[in-house]
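This report refers to the structure that appears directly beneath it.
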Amino acid sequence: MVIFNWGRAMKKGLVMDLPIAVDKPKPSLAEKYCSRCRANHSVSAFAKHPNTRDGLQIWCTASTMEYRRERKRQKLQLKGLVPA
Ligand SMILES: [Zn+2]
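Residue numbers for the sequence shown follow the working numbering, so the first one is 2 and each next one is one higher.
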């Protein structure tokens, strides 16, 4: 039995990947996996992010934009400004 060492995993920066780490395709240097559209994209498709291990957003820019658009619409719907 392997006891999972959280402190060590956090130091290694593995924790952020845990929910999707199981069947994640192997990343290459020029490509990065987007967990939202579940595909590899060239790293140029990812915006920069100061707090991630590789310095890039976890989602590609298209996915991030889509997410923001959805969130905005959801907020408007909650306020009753847009018909559901
Ligand atoms: Zn994506």
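Just so you know, even glycine gets a beta-carbon here, dropped at the ideal spot from N, CA and C.
Predicted model only: the values in this text are computed from it and were never measured.
Classification of residue i by the beta-carbon crowding that lies within 10 angstroms, buried from 16 upward
i, result
"Ala46", "buried"
"Lys120", "Missing from the structure shown is residue 120; the chain here goes from 2 to 85 and no further."
"Ser43", "exposed"
"Lys33", "buried"
Cβ neighbours of residue i in the same chain (closer than 8 Å, five flanking residues each side left out)
i, result
"Thr62", "Ala46, Phe47 and Ala48"
"His50", "Gly56, Leu57, Gln58 and Ile59"
Neighbourhood of residue i by C-beta distance below 6 Å, restricted to the same chain and skipping five residues each side
i, result
"Cys38", "Ser64"
For residue j and residue i, believed in contact at Cβ under 8 Å, the rounded distance
i, j, result
"Val83", "Arg74", "6 Å"
- Query: If you measure from each residue's Cβ to the nearest non-hydrogen atom of ligand 1, which ones come out under 7 Å, in chain order?
  - Reply: Cys35, Arg37, Cys38, Ala40, His42, Trp60, Cys61, Ala63 and Ser64
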